[in-house]
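Working notes, structure below.
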Amino acid sequence: MRAHGFKHSTAGPVTKALSLRVAGPVAVLAISVAAAACGSTSATPTATGGGAAATATPASANLLGAKYDTATASSVTLTGAGANSIEPFFESVFYQYSQKNSNTTVNYSPAGSSVGVTDIQQGTVQFGDSEIPMTASQLSAATGGAILQIPVDLGGVAISYNVPGVSKSLDFDGPTLAGIFDGSITNWDDPAIAALNSGVTLPNLAIKAVHRADASGPGYDLDQYLIDTAPAWVAAIGTSTPSRTWPEANVGIGEQLNTGVASYISQSSSAGAIGFVEYGYALQNGFVNAAVKNSAGSYVAPSEASIAAAGAQATSLSATDFNVVNETGAGTYPIANFSWTLVYQKQSDTATGIALGKLFDWVVTTGQGDAAALGYAPLPANVASLAHSTILELESSAGTPLFAS
Amino acid sequence: MIYEPSPAGPDAVSGLVGAGRSAGVRAALLRRRSRFGDGAYGALRWTGAGLFGAVVLGLLIAIASDSSLAFQHGGLGFVWSGTWNPAADQYGAGILVVGTLITTGVAMVLMVPIGLGTAIFLSELAPRWIAGPLATLIGLLAAVPSIVVGLWGLLVLTPVFANQVEPFLASVPFFGWLFRGEAYGPSILLASAVLAVMTLPTMVALSRTAFAAVPVADREAAMALGATRWQVVRRAVFPAARAGVSAAATLSVGRALGESIAVAMVIGNRPAIPESLTTPGATLGSAIVNQFAEASPGIGTSSIIALGAVLLLLTVAVNAGGQALLRRGSGAHPGTAGALR
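Protein sequence lines correspond, in order, to chains A and B.
Each step along the first sequence adds one to the number in the numbering used here, with nothing skipped, and position 56 is 56.
Each step along the second sequence adds one to the number in the numbering used here, with nothing skipped, and position 305 is 305.
Here is the structure:
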């Protein structure tokens, strides 16, 4: 409820987002062309053009489709809750799926990743979604048996800022970002920032660091990146285990959800603000995003191609090996992650189980065609097939597979 | 037993009455009917009271049992321990209690004079054609949901505070130190301003009722003794309405202490000792809003519920304190005649 109310209520940047939606597809088109059109909405499979975006996405019909038609005979309502970061993507794919299959209604409440985990543990929803896969102890607390974790989208965390007069994408490395978020760098003309951005005139303007007031996937990912790259950050927070709750809550200000952070950065009175949001929200708001230093030493801004490049490194992805932060590759954006949908393996209601399987099989295949325009990257082929094989594990309560492989 | 109470209800009974029965029978019917009504009313009353009591009791038991882990872990020190950092599993309500008391206090400093002034204007000075519509408008303010007020604070007041109010206050000589530091916009002061707006309707409506209840004869007596308009209000009306005004203030304080959503949207959510009124802060309510949904199971969740327990105790303490003050105050107050001497 809280999440929903807040999301709908931060209507402020909407007008801004509207004007940017016009510009959005143009920019995305340019990226798509550069990446050999792997994000185009056409259903024809397209080969990728190599380079950073070596991620072939099967944009063909859903994998289950050969045996199971997408149309469901009787009407089914699927209720889900979870991550706020995936909301722009889910909103779009669920709408499109319901257009194609009017018998399936999907309700998703973007209240936060841990709400997704708690709700699926309690069995109050048919599916949950979390930016971080469930831990072994969380899985053992589930009331309905084994849980399947399906990777459904690939996103990035943008470092967005509002510095009047600076329209260029500024370069940042781990130690500098750590300095900003632990309060040791307090002004935009700080030598540490200037050293990374020679040729840019930085204003004498106080930094207003914005972080998430609630626990979040983007916060976890940035925490992981800073732990990986900045020893001073580890010293400041006193741990090398990333946390969903932002560890340096006493520096700058905290805002609720991606929408709250984005709304603060976008206000003209917030000159000097810098914060982190899911890239999809940064794209909606038309933010200028930082180019962040990756493990190859190059500075890369978030884009479909650079996020896809991070996902391409996840050759052995699983629910226990999910970290794609600070991956290798010159064109790789270093703060990326997969979002995970959570469903019970044993489905007491067969019709619901089949509807869930079909929906998410569509989401991880055809549905990925929408990802690029919304600020996500299509799932790499190996991850899409991991998702598909996970969906095939769905069973009836008697233990018979719902989908014969 | 002449007549069994009709299962078809009172209409059927009155139909019988209308069918020309004798007066004695009619009286017996009425008696029977009213005895039945009394019984039903009594049962309803007891059920209602019982249900209400059970809900309050259930609430207290749930809060006590769910927060017990946090109190076992931190002892009573939980209430004043100064570090609130869920990321490191450090839970202490002290900072949040301080933040709650400061925001509420500043909100009352801003609101009470304006609320009282408005109530006096409405009941004593304003012509009827202004007072009526104005009171309705203020009543409407009470009906605005807190998330809407929070949104207004976030989108409308934040830029004004960041660009104008906070820099101006910081530049005021002598008082500037109260407002020093970076002007973020979201701050304790902004949260207090939003709380002041939210509590204003309660203050105005209840104080106005209290003023209206002062007998006209008191006012006329004061005027007959040569009091000016201001003296009438100051010496005759206000002392007599003091209990009601205090009740209005106490209710406002209660609402301000517990407000969560709107505060979380505009306070900046920084659980640290505030350097000044224009730095971001955090309250018990804002911490609950932000962290309950994603609190880690066990000690995390228990600590958030313990914040609720602390908030409950704080509210009870403030209300009890307000009532105690009121009792002492009303005992000492010299009365209308004495005040005019």
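Note that the Cβ used here is the ideal one computed from N, Cα and C, for glycine as well.
Just so we're clear, the structure is a prediction, and the values are computed from it rather than from any experiment.
Chain A beta carbons: is any one of them nearer than 8 Å to that of residue i?
i                      : result
residue 321 of chain B : no
residue 82 of chain B  : no
residue 278 of chain B : no
residue 196 of chain B : no
residue 193 of chain B : no
residue 154 of chain B : yes
residue 306 of chain B : no
residue 158 of chain B : yes
residue 268 of chain B : yes
residue 167 of chain B : no
Tell me the rounded alpha-carbon separation between residue i and residue j.
i                      : j                      : result
residue 199 of chain A : residue 291 of chain A : 15 Å
residue 214 of chain B : residue 132 of chain B : 19 Å
residue 192 of chain B : residue 320 of chain B : 23 Å
residue 299 of chain B : residue 372 of chain A : 40 Å
residue 235 of chain A : residue 241 of chain A : 12 Å
residue 180 of chain B : residue 268 of chain A : 21 Å
residue 185 of chain B : residue 160 of chain B : 8 Å
residue 215 of chain A : residue 240 of chain B : 52 Å
residue 262 of chain B : residue 94 of chain B  : 21 Å
residue 53 of chain B  : residue 137 of chain B : 35 Å
residue 132 of chain A : residue 151 of chain A : 10 Å
residue 220 of chain A : residue 324 of chain B : 49 Å
residue 72 of chain B  : residue 92 of chain A  : 47 Å
residue 173 of chain B : residue 165 of chain B : 15 Å
residue 45 of chain A  : residue 253 of chain A : Low confidence applies to residue 45 of chain A: its pLDDT is 35, below 50, so where it sits in the model is not reliable enough to give any reading.
residue 110 of chain B : residue 82 of chain B  : 27 Å
residue 255 of chain A : residue 57 of chain B  : 35 Å
residue 85 of chain A  : residue 274 of chain B : 31 Å
residue 100 of chain B : residue 244 of chain A : 25 Å
residue 201 of chain B : residue 124 of chain A : 39 Å
residue 196 of chain A : residue 229 of chain A : 16 Å
residue 280 of chain B : residue 277 of chain A : 20 Å
residue 188 of chain A : residue 262 of chain A : 20 Å
residue 228 of chain B : residue 129 of chain B : 23 Å
Please check if any C-beta of chain B sits within less than 8 Å of the C-beta of residue i.
i                      : result
residue 190 of chain A : no
residue 245 of chain A : yes
residue 100 of chain A : no
residue 165 of chain A : no
residue 253 of chain A : yes
residue 224 of chain A : no
residue 267 of chain A : yes
residue 325 of chain A : no
residue 109 of chain A : no
Would residue i and residue j be called neighbours here (beta carbons separated by less than 8 Å)?
i                      : j                      : result
residue 96 of chain B  : residue 282 of chain B : yes
residue 342 of chain A : residue 122 of chain A : no
residue 169 of chain A : residue 301 of chain A : yes
residue 139 of chain A : residue 308 of chain A : no
residue 156 of chain A : residue 116 of chain A : no
residue 362 of chain A : residue 97 of chain A  : yes
residue 264 of chain B : residue 195 of chain B : no
residue 367 of chain A : residue 394 of chain A : no
residue 419 of chain A : residue 104 of chain A : Residue 419 of chain A lies beyond the residue range present for chain A, which begins at 1 and ends at 405; the question has no answer from this structure.
residue 122 of chain B : residue 135 of chain B : yes
residue 207 of chain A : residue 186 of chain A : yes
residue 364 of chain A : residue 384 of chain A : yes
Any heavy atom of the ligand GDP closer than 7 Å to the beta-carbon of residue i?
i                      : result
residue 118 of chain A : Looking for the ligand GDP in the displayed structure turns up nothing, as the structure carries no ligands at all.
Which partner residues of residue i appear in the DSSP bridge assignment?
i                      : result
residue 322 of chain A : According to DSSP, residue 322 of chain A bridges with nothing at all.
residue 211 of chain A : A:254
residue 396 of chain A : A:347
residue 401 of chain A : A:395
residue 273 of chain A : A:162 and A:208
residue 90 of chain B  : B:85
Output needed in chain order: residues of the region 170-190 of chain B with a Cβ under 9 Å from some Cβ in chain A.
Legend: CB atoms of the region 170-190 of chain B lying less than 9 Å from CB atoms of chain A belong to residues 182, 183, 184, 185, 186 and 187.
Could you please tell me which residues of the region 235-266 of chain B, in chain order, have their CB closer than 9 Å to any CB of chain A?
Residues passing the 9 Å Cβ filter: 261, 264 and 265.
Going along the chain, which residues of the region 378-391 of chain A sit with their C-beta nearer than 8 Å to a C-beta in chain B?
So the list is empty, because no residue satisfies the distance condition.
Taking any Cβ of chain A, which residues in the region 92-109 of chain B have a Cβ under 7 Å from it, in chain order?
Listed by position along the chain: nothing, the set is empty.
Output needed in chain order: residues of the region 196-219 of chain A with a Cβ under 7 Å from some Cβ in chain B.
So the list reads 206, 208, 213, 214 and 215, given in the order they occur along the chain.
If contact means a Cβ-Cβ distance below 9 Å, which residues of the region 231-245 of chain A contact chain B?
Of all residues in the region 231-245 of chain A, the ones placed with a Cβ closer than 9 Å to any Cβ belonging to chain B are 237, 238, 239, 243, 244 and 245, in chain order.
When you check each C-beta in the region 151-179 of chain A against every C-beta of chain B, which residues fall closer than 9 Å?
Listed by position, the residues of the region 151-179 of chain A near chain B (Cβ gap below 9 Å) amount to none.
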